[in-house]
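Taking it in order: structure first as structure tokens, then the write-up.
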Amino acid sequence: MKLYPYTISALKKLQKRFLLFIITNQSGISRGEVTAEQVKSVNDFIVLTLRKKRVIINEVYSCPHQTKDNCRCKKPKPYFLKKAAKDFSLNLKDSFIIGDHLSDAECGIRAGATPLYVLTGHGMKHRADVPVGIKICRNLKNAAEHILMVTNA
Ligand SMILES: [Zn+2]
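With the sequence shown counted from 1, adding 3 to any position gets you this note's numbering.
Printed below as a string of structure tokens:
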């Protein structure tokens with residue numbers, strides 16, 4: 004696990020105004036490629052690494068299923084966004100989801116939040132399929148700057 008050089012500073016700026024969460028699809032668990040414990044240890048490591056730099060991830064919501072399991076929680080289903088909203092009294096209309104998959108963007112839209120699509124990770128691969136109207140950002144730094152700009156009323 005390696006962070007981009009701008010990750011900590013981008014998240015620090017965002018957490019002054021927002022609570023931060025990770026919502027992750029981990030279908031490798033259902034497919035038997037990784038165990039739930041292995042995924043949890045990676046997630047724990049990410050959270051701890053960020054915490055050491057004073058970036059607080061309030062919760063990690065992880066779906067272990069594959070699409071054929073027809074669960075309620077796999078993105079693009081908005082279940083975890085709605086759960087976070089309930090657990091932490093968030094207003095989803097004022098919330099953002101940053102992701103490198105179309106399912107992240109769709110999840111945000113279905114939850115009433117604002118999606119930002121980043122071109123890092125898997126982002127470049129599906130860029131052409133991003134629906135018109137969804138903000139595309141080069142990376143997390145760009146996305147954070149955009150969010151802070153549009154919310155700095
Ligand atoms: Zn699920």
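Ideal placement from N, C-alpha and C gives every residue a C-beta, glycine not left out.
Nearer than 7 Å: is that true of the beta carbon of cysteine 110 relative to any heavy atom of ligand 1?
Not under cutoff, so the answer is no.
Relative to the alpha-carbon of leucine 53, which residue among Tyr9, His149 and Ala114 has its alpha-carbon at the smallest distance?
Nearest of Tyr9, His149 and Ala114 to leucine 53, Cα basis: Tyr9.
Just the residues with CB closer than 5 Å to a heavy atom of ligand 1, in chain order, which are they?
Per the Cβ criterion, the list is Cys66, His68, Cys74, Cys76 and Lys77.
Measure how close the beta-carbons of phenylalanine 91 and isoleucine 26 come, nearest whole angstrom, since I'm counting them as under 8 Å.
The pair is not a contact, with the Cβ atoms about 13 Å apart (cut-off 8 Å).
If you drop the 5 nearest sequence neighbours on each side, which residues of the same chain put their C-beta closer than 8 Å to that of arginine 57?
Here the set comprises Lys15.
Would you please state the rounded distance, in angstroms, between the beta carbons of histidine 129 and cysteine 140? I believe it to be under 8 Å.
Not really, about 14 Å apart at Cβ, beyond 8 Å.
Please go through the same chain and pick out, in chain order, the residues whose beta-carbon is closer than 8 Å to the beta-carbon of aspartate 97, but skip the five residues on each side of it.
Around aspartate 97: Thr154.
Could you check how far apart the C-beta atoms of proline 67 and alanine 39 are, in whole angstroms? I think they sit under 8 Å.
Sure, about 6 Å apart at Cβ, within 8 Å.
In whole angstroms, what separates the C-alpha of lysine 144 from that of asparagine 28?
Their Cα atoms are separated by approximately 23 Å.
Whole angstroms are fine: how far does the CA of serine 33 sit from the CA of valine 50?
Roughly 23 Å between the two C-alpha positions.
Using a threshold of 8 Å, state whether the C-beta atoms of leucine 22 and asparagine 61 are closer than that.
Yes, the pair counts as a contact, with Cβ atoms nearer than the cut-off.
Nearest to lysine 138 by CA position, among Ile112, Pro118, Met127 and Ser106, is which residue?
Considering only alpha carbons, the answer is Pro118.
For isoleucine 100, count neighbouring C-beta atoms within 10 Å of its own C-beta (all shown protein chains included) and say buried if the count is 16 or more, exposed if not.
That one is buried.
So, is lysine 80 buried or exposed, given that buried needs 16 or more other C-beta atoms within 10 angstroms?
So lysine 80 ends up on the buried side.
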